[in-house]
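Asker: Numbering (this note's numbering), first residue to last: 21 to 156. Cβ coordinates follow ideal geometry from the N, Cα and C atoms, glycine included. In this text, all values refer to a predicted model and were calculated from it rather than measured experimentally.
#1: What residues are listed by DSSP as bridge partners for residue 74?
#2: Residue 99 lies in the alpha helix (DSSP H); which residues open and close that run?
#3: Tell me the residue span of the alpha helix (DSSP H) that contains residue 47.
#4: Can you tell me which of the three DSSP states residue 137 falls into?
#5: Using 8 Å as the threshold, is the C-beta distance between residue 15 and residue 29 below it?
#6: How is residue 65 classed by DSSP in three states: helix, strand or coil?
#7: Span of the alpha helix (DSSP H) holding residue 25?
#8: Taking only the alpha-carbon atoms, compute the straight-line gap between residue 132 and residue 147 and give it to the nearest angstrom.
#9: With DSSP collapsed to three states, give me the class of residue 55.
#10: Indicate whether the contact test is met: 3 or more Cβ pairs, each with one atom in the stretch 137 to 153 and one in the stretch 37 to 57, closer than 8 Å.
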């Protein structure tokens with residue numbers, strides 16, 4: 021349904037030769053990818069497997085603990101450390117014999133998510149700059 025809406029608005033933008041409608045389509049696609057697309061959590065668990073719980077939007081995770089890891093991954097995506105990260109106690113599960121994946125490894129986004137989030141972030145930036153410069 022969303023892709024039909026994007027295609028229809030894209031066709032309207034093309035027929036009207038309107039860059040403003042084109043920017044609206046780009047902004048709606050970015051909003052869809054950030055907040056509305058049905059996907060899975062995809063955070064690496066401590067055992068190294070992906071969490072497959074359903075979520076809405078590539079920016080969100082299924083639980084507060086996974087959201088914190090995803091926030092770290094999003095900050096790493098732009099080359100920064102998460103300044104809002106809560107300090108955690110060291111993991112005490114060393115004697116259980118279970119492989120524990122480090123937080124740095126857990127805070128890696130899937131390649132598909134990285135690509136789409138970079139494109140959507142770039143699209144949002146282009147939309148904002150072009151919309152503001154179009155009024156001057």
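Answerer: Let's see:
#1: Mapped onto the chain shown, residue 74 falls at position 54. The partner list for residue 74 (beta bridge, DSSP) reads 60.
#2: Translated into positions along the chain shown, residue 99 becomes position 79. Counting along the chain, residue 99 falls outside any alpha helix (DSSP H), and DSSP gives it neither H nor E.
#3: The count along the chain shown starts at 1 and reaches residue 47 at position 27. Its alpha helix (DSSP H) spans residues 39 to 51.
#4: As a working note, residue 137 is residue 117 in the chain shown. Helix at residue 137.
#5: Residue 15 is absent from the model: the chain starts at 21 and stops at 156.
#6: Working through the chain shown from its first residue, we reach residue 65 at position 45. Of the three classes helix, strand and coil, the one that applies to residue 65 here is coil, per DSSP.
#7: As a first step, residue 25 is located in the chain shown; it is residue number 5 there, counting from the start. Residues 22 to 36.
#8: In the chain shown, residue 132 corresponds to position 112, counting from 1. In the chain shown, residue 147 corresponds to position 127, counting from 1. About 22 Å.
#9: Taking the first residue of the chain shown as position 1, residue 55 is located at position 35. Helix.
#10: yes
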